[in-house]
Ligand SMILES: NC(=O)C1=CN([C@@H]2O[C@H](COP(=O)(O)OP(=O)(O)OC[C@H]3O[C@@H](n4cnc5c(N)ncnc54)[C@H](OP(=O)(O)O)[C@@H]3O)[C@@H](O)[C@H]2O)[C@@H](O)CC1
Ligand SMILES: [K+]
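Numbering (this note's numbering), first residue to last: 1446 to 1926.
Dropping the structure here:
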C-alpha cells in the first residue's frame, strides 16, 4: 500500500471513481467485509462474535462479516441500529444475503460474546454517538470485550481523529484502500489498535485523479530526495550548517550540530557568545566554533548555506534581530524553541520575512505563542499555520504533522514515548538543518527529520537525547540505496 492518506471526501471520490471504472459497490463491500472477517479469524479462533451494524454502508460491511464468519464456523449474533427496511443500496443487498437473525441493537447481543465487530458508523459519522449506540460503547468497555472495528472505531472522526461523543477501544481496525487522517492523528490512532489497510479492488490509478496532498510519513515519501553524498563530492558539496548558540545552555547547540553532522551535513559551525566559546571548543573536535560577534560575516559566506536558530539561544531582541537578518539572506533555515518564542509579541514581523525554505518546529506551547489558540486537529492547525507563516511548519507531538504552505502535509506516526526527553527537540532541529544544508528541500527535510528522529528512538527505555544522533548510522545504512 502506498503512503497516501485520503480525507473522507477523497475516499468517497476514490470509491466513486472505482465504480465508474467498472468495480461495483457490491464488489467493494463484499471485499471489505471479507477483509474484516479474515482479520478477525487471524486473531481469534472459532468463538462467539457479536456484530453491531449501523444504518449505512458501514453496517452493510457488517452483514458481510457476519455471513463470512458464520460460514467459517463462528457463532454469530447480529444486531442492527434501526430498521432493516430502511437499509439502502449495497447495504440492503448484503442484509438480504444474511440468513441469520437480525436483533435490534441492545446489550443483549453482547451476552456470552467473546469478540465484538463494530460496524456501526464509519466514514459517514455525522454527529456524536448518543442513545443506544453510546450505551453499547459503554457496555463493551464495561465487559472488557475485544473489538474489531470496520473502517474506524465508531465515533472516531475519519478526518480529524477526534472522538464524537464516545468510541470503543479496538484491538484491530480494518480500513480500505488507504488510511484516513483519523487513523494517524490522536486520539483516533490509539483507539484503532492495530490498523490493517485492505485492498478491496479500488485501483491505485484513481489516486492520479484524487491527488491527495497528505501522506503518512516514512521513507517512501522522501527516499528519492535524500541527499546522499556523491562519489566525487567533497565536504563543501554536502553543505555547511551554522548553529546559533547561547551563552548558558551550551548543550543545545552541541546536540544540534552533532545531529546535523550525523545526518549528512558536510560541516557544522556553532556561532556562540564569547563566554561560551571555551566550553564549546572543548566539545566535538569535528564541529567548528565561531564568535557570534562575527554573525554578519558568517551570513555573508555563501558556502554557509543553512542555519538553525533557537535551541539554547535565550528569548529576546538580540535573537529576534539575528533571525530577521538570517531570513533576509534567503538561506535554508530551521527556527526552533527560543527563535519562535522571541516573536510571540510580533508574529507578523517574523512571517513577513519567511519562505518555504524555512522550517518552524514548534511544540504545542510555542505554537500557541506564535499562532494563538486555534481549534481543530493537529493536521488542520499545522496547515493553517504553514499558510499563515508562508513557511513549512512541523507541529511536534506524538502525531507530529509537517505542513507546507501549499497544503501538502505528512503525519508522522513512528514516535515512541521515549522521545519526550531533554534535548530531543534540539536533535530534531539538527537533523532537519543538516538535511537542508546537504541540499534537501525544506518540506522533505522536515519529514525525513521527523521520521529519522522517531526511528532513532527505537532502542526504547533509557533513551537520552545524546543517543539519537548515534543511532543514525545504523538507520541510514538500512535506507542507503
Ligand atoms: N468508500 C469506500 O470505498 C467504501 C466504503 N465502505 C464502507 O462504507 C462506509 C461509509 O458508509 P456510509 O457513507 O453509508 O456511512 P456510515 O459510516 O455507514 O454512516 C452513515 C449512516 O449512519 C448514520 N449516522 C451517522 N452518524 C450517526 C450517529 N452519531 N448516530 C446515529 N446515526 C448516525 C447516518 O444517518 P444520517 O446522518 O443520514 O441521519 C447514516 O445512516 C465506510 O466507512 C466503509 O465501512 C465499504 O463498504 C466499501 C467501500
Ligand atoms: K465502525
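Idealized CB from N, CA, C, for every residue including glycine. Quick caveat: nothing in here was measured; it's all calculated off a predicted structure.
* To do: Classify residue 1523 as helix, strand or coil using the three-state DSSP reduction.
  => Within the chain shown, the letter at position 78 stands for residue 1523. Assignment of residue 1523 by DSSP, reduced to helix, strand and coil, places it in the strand class.
* Indicate, with yes or no, if ligand 1 has a heavy atom lying under 7 Å from the CB of residue 1446. => As a working mapping, residue 1446 is identified with position 1 in the chain shown. For ligand 1, not one heavy atom lies less than 7 Å from the Cβ of residue 1446.
* Is there contact here, the stretch 1622–1632 with the stretch 1515–1523, by at least three beta-carbon pairs under 8 Å? -> No, the stretch 1622–1632 is not in contact with the stretch 1515–1523.
* **Spatial distance of residue 1905 from residue 1916 (CA atoms)** => Here residue 1905 refers to the residue found at position 460 of the chain shown. Here residue 1916 refers to the residue found at position 471 of the chain shown. When the Cα atoms are used, residue 1905 and residue 1916 turn out to be separated by approximately 12 Å.
* **For residue 1773 and residue 1754, believed in contact at Cβ under 8 Å, the rounded distance** => As a first step, residue 1754 is located in the chain shown; it is residue number 309 there, counting from the start. As a first step, residue 1773 is located in the chain shown; it is residue number 328 there, counting from the start. Not confirmed; about 13 Å, so no contact.
* Any beta strand (DSSP E) of 3 or more consecutive residues that is wholly inside the stretch 1583–1611 -> The qualifying runs are 1592–1595.
* **Rounded straight-line distance, which links the Cα of residue 1495 to that of residue 1633** => Position 188 of the chain shown, counted from the first residue, corresponds to residue 1633. Position 50 of the chain shown, counted from the first residue, corresponds to residue 1495. Taking the Cα positions, residue 1633 is about 23 Å away from residue 1495.
* Please indicate yes or no: does the CB of residue 1491 lie closer than 7 Å to some heavy atom of ligand 2? => Taking the chain shown and counting its residues from 1, the one referred to as residue 1491 is at position 46. It does not: the Cβ of residue 1491 is nowhere closer than 7 Å to a heavy atom of ligand 2.
* To do: To the nearest angstrom, report how far apart residue 1711 and residue 1810 are at their CA atoms.
  => As a first step, residue 1711 is located in the chain shown; it is residue number 266 there, counting from the start. As a first step, residue 1810 is located in the chain shown; it is residue number 365 there, counting from the start. Rounded to whole angstroms, residue 1711 to residue 1810 spans 33 Å at the Cα level.
* Asked: Is residue 1594 near ligand 2, with its Cβ less than 7 Å from a heavy atom?
  -> Numbered from 1 along the chain shown, position 149 holds the residue referred to as residue 1594. Yes; taking the cut-off as 7 Å, the Cβ of residue 1594 has a heavy atom of ligand 2 nearer than that.
* Run the CB neighbour count on residue 1531, radius 10 Å, all protein chains shown included, and call it buried at 16 or more, exposed below. => In the chain shown, residue 1531 corresponds to position 86, counting from 1. Residue 1531 comes out exposed.
* Asked: Any chance the CB of residue 1503 is under 7 Å from a heavy atom of ligand 2?
  -> Residue mapping note: residue 1503 aligns to position 58 of the chain shown, counting from 1. For residue 1503, the distance from the CB to the nearest heavy atom of ligand 2 is below 7 Å.
* Asked: Quick one: is the Cβ of residue 1597 within less than 7 Å of any heavy atom of ligand 2?
  -> Here residue 1597 refers to the residue found at position 152 when the chain shown is read from its first residue. Answer for residue 1597: yes, Cβ within range of ligand 2.
* Cutoff 6 Å; reference residue 1780; Cβ partners in own chain excluding five residues on either side -> One-based indexing of the chain shown puts residue 1780 at position 335. Setting aside the 5 residues that flank it on each side, residue 1780 is surrounded in the same chain by 1754, 1755 and 1805, each with a C-beta closer than 6 Å to its C-beta; the list follows chain order.
* From residue 1757 to residue 1845, what distance separates their C-alpha atoms? -> By 1-based counting over the chain shown, the position of residue 1757 is 312. By 1-based counting over the chain shown, the position of residue 1845 is 400. Taking the straight line from one Cα to the other gives about 22 Å.
* Answer with buried or exposed for residue 1549, where buried requires no fewer than 16 other C-beta atoms within 10 angstroms of its C-beta. => To locate residue 1549, count along the chain shown from 1; it is residue 104. It is exposed - the Cβ of residue 1549 has fewer than 16 other Cβ atoms within 10 Å.
* Minimum C-alpha distance to residue 1694 - residue among 1871, 1707 and 1462 -> Within the chain shown, numbered from 1, the residue matching residue 1694 stands at position 249. With respect to the C-alpha of residue 1694, the residue from 1871, 1707 and 1462 having the closest C-alpha is 1871.
* To do: Counting only the same chain and skipping the five closest in sequence on each side, list residues whose C-beta sits under 7 Å from that of residue 1776.
  => One-based indexing of the chain shown puts residue 1776 at position 331. Around residue 1776: 1750, 1751 and 1752.
* When DSSP labels each residue in this structure, what does residue 1580 get in the three-state scheme? -> Position 135 of the chain shown, counted from the first residue, corresponds to residue 1580. Residue state, collapsed to three classes: helix.
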